[in-house]
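In this note's numbering, the protein residues as written are 86 to 575.
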């Protein structure tokens with residue numbers, strides 16, 4: 086594993102302290118915990134972000150302190166302290182733990198590849214030696230207390246329903262286990278939702294609704310054509326989500342990521358052993374096949390031009406991570422997806438209804454195009470370091486951190502600027518200014534990004550806010566066109 090860092094250079098995340106505090110502050114009492122904090126030099130953990138790094142030395146001393154005060158001081162309590170921290174961690178990451186019930190081998194792989202390196206901010210903190218269904222061997226090359234290391238191993242087996250047995254042989258920890266109950270089959274519906282990232286379909290629904298709303302204002306709306314368009318585009322979008330997981334697995338980008346969040350780092354189904362890569366690939370192909378069938382039906386009903394819109398939307402999505410193009414790796418992902426999920430889908434939905442071009446629909450598509458680009462952009466920021474290590478040179482990787490933060494502001498500002506200029510020029514109806522109601526949300530998201538761009542988990546609220554920013558702005562634009570269209574009936 087190479088030469089380990091000196092102990093004085095090793096760290097633990099503030100989350101480690103917070104887990105310890107949650108379990109032992111009640112047992113020690115306020116005065117007891119205060120004495121511990123003063124004795125070992127504990128950080129001000131209650132006012133720290135979970136992602137922040139703290140020196141390892143005081144943390145080890147805190148564990149020994151608890152062992153002395155609540156135990157016999159012989160180290161016998163250290164494993165129990167550790168297992169309790171793992172159980173509290175499992176309550177935070179219960180979705181992951183539920184997915185891995187009865188799968189200690191996969192849990193140990195994730196512990197070595199993701200969890201332990203994250204907590205110690207060191208990719209070399211652990212190494213898998215052997216990974217087999219009934220036996221696991223690893224190295225833990227760090228300065229944590231010996232009882233703490235064995236407690237971690239036992240704890241991570243325990244939270245997935247297995248009784249782990251740990252034996253140290255030289256510098257290796259050999260683990261066997263007995264699963265307490267039969268391994269439950271994961272819910273197929275849950276796997277489908279995770280694999281497709283179904284909630285992110287808002288990126289498709291918004292532009293299709295917007296294109297249809299502009300067409301309705303212009304006096305054309307066929308509900309059946311609208312539904313065909315929505316389902317067809319959604320199939321391609323879901324296929325893109327799934328195939329990008331496959332290609333990020335092939336390139337090693339997702340494997341390199343030690344801090345996946347609900348908005349970055351992929352679905353993790355391959356990495357967690359819940360779906361095989363070929364199953365992910367085949368699921369994407371199934372969605373693509375359904376999208377093609379619907380697309381050809383629209384071509385037959387509305388003309389060959391629909392084929393051009395389909396290709397213009399399909400190619401950027403699949404080439405986002407597909408070799409050899411890999412647009413995201415070249416820093417072009419945001420531009421490609423912004424165009425595909427903005428102008429291409431809005432104009433395509435409009436053309437299906439009307440069979441003609443519309444400068445108004447094109448201009449209306451720009452705000453949602455910019456905002457979906459902003460969603461991709463801010464979701465890449467937590468992955469910045471891991472993508473760089475994997476050779477995935479996204480736009481966020483290519484820019485300095487401060488420049489990347491400013492870039493988000495520029496992209497979001499362009500969304501509102503195109504809206505204001507469109508209305509000022511008389512090219513967009515005045516009610517579409519409703520879209521400006523989301524400006525305060527955009528400001529809050531930017532402030533969160535500016536403060537916490539270096540902390541993946543602290544950035545989650547800004548990731549979520551940007552998705553809602555796209556959704557709500559799009560729906561307000563949609564409402565604006567509906568209001569403008571009512572003029573036809575007055």
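Positions of the beta carbon are idealized from the N, C-alpha and C atoms, including for glycine.
Fill in: Cβ-Cβ distance between residue 166 and residue 236 below 8 Å
Residue mapping note: residue 166 aligns to position 81 of the chain shown, counting from 1. Residue mapping note: residue 236 aligns to position 151 of the chain shown, counting from 1. Yes.
Worksheet item: Under a three-way DSSP split, which group does residue 302 fall into?
Response: In the chain shown, the residue the question calls residue 302 occupies position 217. DSSP places residue 302 in helix when its eight states are reduced to three.
Worksheet entry | Nonlocal neighbours in the same chain, by C-beta distance under 7 Å from residue 241, ignoring five residues either side | If you number the chain shown from 1, residue 241 lands on position 156. Cβ within range, chain order: 171, 192, 193 and 196.
Practice prompt. Return the bridge partner residues of residue 263 from the DSSP annotation.
Written response: Taking the first residue of the chain shown as 1, we reach residue 263 at position 178. Answer is 248.
Discussion item. Check this for me: beta carbons of residue 547 and residue 527, under 8 Å apart or not?
Written reply: Stepping through the chain shown from its first residue, residue 547 is reached at position 462. Stepping through the chain shown from its first residue, residue 527 is reached at position 442. In this structure, the beta-carbon distance from residue 547 to residue 527 does not fall below 8 Å.
Worksheet item: Can you list the alpha helix (DSSP H) stretches of 4 or more residues lying completely in the region 312-376, in chain order?
Response: Restricted to the region 312-376, the alpha helix (DSSP H) segments that are unbroken, complete and at least 4 residues in length are 338-341, listed in chain order.
Fill in: Under the three-state DSSP convention, the category residue 258 falls into
Along the chain shown, read from residue 1 onward, the residue named residue 258 stands at position 173. Residue 258: strand per DSSP, three-state reduction.
Worksheet entry | Those runs of the alpha helix (DSSP H) which lie wholly inside the region 388-423 and span at least 4 residues | List check, alpha helix (DSSP H) in window: 390-403.
Discussion item. On the DSSP bridge list, what partners appear for residue 213?
Written reply: On the chain shown, residue 213 is found 128 positions in, with the first residue counted as 1. Beta-bridge partners assigned by DSSP to residue 213: 223.
Discussion item. With three or more beta-carbon pairs closer than 8 Å as the criterion, would you say the region 346-360 touches the region 538-556?
Written reply: Contact between the region 346-360 and the region 538-556 is present, because at least three Cβ pairs lie under 8 Å.
Worksheet item: Who are residue 140's beta bridge partners in DSSP?
Response: Taking the chain shown and counting its residues from 1, the one referred to as residue 140 is at position 55. Beta-bridge partners of residue 140 (DSSP): 96.
Discussion item. Between the alpha carbons of residue 142 and residue 403, how many angstroms are there, rounded?
Written reply: Counting from one through the chain shown, the residue named residue 142 turns up at place 57. Counting from one through the chain shown, the residue named residue 403 turns up at place 318. Here the C-alpha atom of residue 142 lies approximately 48 Å from the C-alpha atom of residue 403.
Discussion item. Applying the 10 Å Cβ sphere with the 16-neighbour rule, what's the burial state of residue 256?
Written reply: For this step, residue 256 is matched to residue 171 along the chain shown. Exposed, since its Cβ has fewer than 16 Cβ neighbours within 10 Å.
Discussion item. Check whether the region 551-560 and the region 277-292 are in contact - that is, three or more C-beta pairs closer than 8 Å.
Written reply: At 8 Å Cβ cutoff, the stretches touch.
Discussion item. Determine whether the beta carbon atoms of residue 461 and residue 419 lie at a separation below 8 Å.
Written reply: The residue given as residue 461 occupies position 376 in the chain shown. The residue given as residue 419 occupies position 334 in the chain shown. Yes.
Worksheet item: Can you give the Cα-Cα distance for residue 505 and residue 490, rounded to whole angstroms?
Response: Numbered from 1 along the chain shown, position 420 holds the residue referred to as residue 505. Numbered from 1 along the chain shown, position 405 holds the residue referred to as residue 490. Distance between the alpha carbons of residue 505 and residue 490: 23 Å.
Worksheet item: What's the call for residue 426, buried or exposed, on a 16-neighbour Cβ count within 10 Å?
Response: Working through the chain shown from its first residue, we reach residue 426 at position 341. With 16 or more Cβ atoms within 10 Å of its Cβ, residue 426 is classed as buried.
Discussion item. Between which two residues does the alpha helix (DSSP H) holding residue 233 run?
Written reply: Taking the chain shown and counting its residues from 1, the one referred to as residue 233 is at position 148. Element bounds for residue 233: 231-243.
Discussion item. Using a Cβ-Cβ cutoff of less than 8 Å, which residues in the same chain neighbour residue 471 once the five nearest sequence positions on both sides are dropped?
Written reply: Taking the chain shown and counting its residues from 1, the one referred to as residue 471 is at position 386. Hits under 8 Å: 338, 341, 342, 343, 344 and 350.
Worksheet item: Which one of 332, 187 and 436 has the shortest CA to CA distance from residue 296?
Response: For this step, residue 296 is matched to residue 211 along the chain shown. If we check each option's Cα against that of residue 296, 436 comes out closest.
Worksheet item: Shortest alpha-carbon distance to residue 401 belongs to which of 417, 389 and 509?
Response: Stepping through the chain shown from its first residue, residue 401 is reached at position 316. The candidate whose alpha carbon is nearest that of residue 401 is 417.
Practice prompt. Throw me the rounded Cβ distance for the residue 424 and residue 513 pair, which I believe falls under 8 Å.
Written response: In the chain shown, residue 424 corresponds to position 339, counting from 1. In the chain shown, residue 513 corresponds to position 428, counting from 1. With 8 Å as the limit, residue 424 and residue 513 do not qualify as a contact, their Cβ atoms being about 19 Å apart.
Fill in: Where residue 220 falls, given that 16 or more other Cβ within 10 Å makes a residue buried
For the purposes of this step, residue 220 is taken as the residue at position 135 of the chain shown. With fewer than 16 Cβ atoms within 10 Å of its Cβ, residue 220 is classed as exposed.
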